[in-house]
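Chains as they are written, first to last, in the numbering used here: chain F, 91 to 203; chain E, 236 to 347.
C-beta: ideal position from N, C-alpha, C; glycine also.
First the structure, in the form of structure tokens, and then the observations on it.
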């Protein structure tokens, strides 16, 4: 068990560019979550998968954001046409059915210039 | 809708002193409650959780929390704080198998 991993750890991009983040959950976990955290605030829920099905999306997830989990293992979060307001830490977490404990990755810190 | 309030943005305690971090929640059913700790630039580490049963929950690093349904509270305590406990602490509430809703956190500073 190597824990939840996220890549890259840091991303600096220019406004208007597209970015993609990857999350690898704990291998036996079938649930995967994405959260966004800005300075001075707690994580805010973005979306959640059970296996490959995306079961819930927050209203925070505008049409510029898309998440996939094509084979029920790793997940990607893409932000198109980035804006300065997208600058934040993007956290991924995973859990298994019947256990509500979420294990968090180290996050990807996005800076949009 | 579920929500979490952490009334104290910042708390400073002396090393060796006791600590209590407050958390109030709003949730329509039996809540699943969590406390996490986050060090700068790091992800969240679970300290403890409450699902059911005994309302006093023991966690890692000497932390404990007490669930009080009548007060909608889940306060975190530690009898003697160590300098390494300086971090940001988040309380969260969640439904079964779904998302968690987090408070805005309490930053703990430990004075030598």
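Around the Cβ of residue 270/E, a 10 Å sphere holds 16 or more other Cβ atoms; the residue is buried.
Put simply, the CB of residue 194/F is near chain E, with a gap under 8 Å to one of its CB atoms. A contact between stretches requires three or more CB pairs, one per stretch, nearer than 8 Å, and the region 306-313 of chain E fails this requirement with the region 178-198 of chain F. Listed in chain order, the non-local C-beta contacts of residue 327/E below 8 Å within the same chain comprise 239, 268, 269, 270, 271, 335, 336, 337, 338, local neighbours out to five positions each way being set aside. For residue 289/E, the secondary structure class from DSSP, reduced to helix, strand or coil, is coil. Cβ proximity to chain F below 9 Å picks out nothing from the region 299-312 of chain E.
The beta carbon of residue 108/F is closer than 6 Å to those of 170 in its chain, skipping five residues each way along the sequence. Contact with chain F is absent for residue 290/E, since none of that chain's Cβ atoms lies less than 8 Å from the residue's Cβ. Where residue 182/F is concerned, the enclosing beta strand (DSSP E) starts and stops at 178-185.
Residue state for residue 246/E is assigned as strand, using DSSP reduced to three classes.
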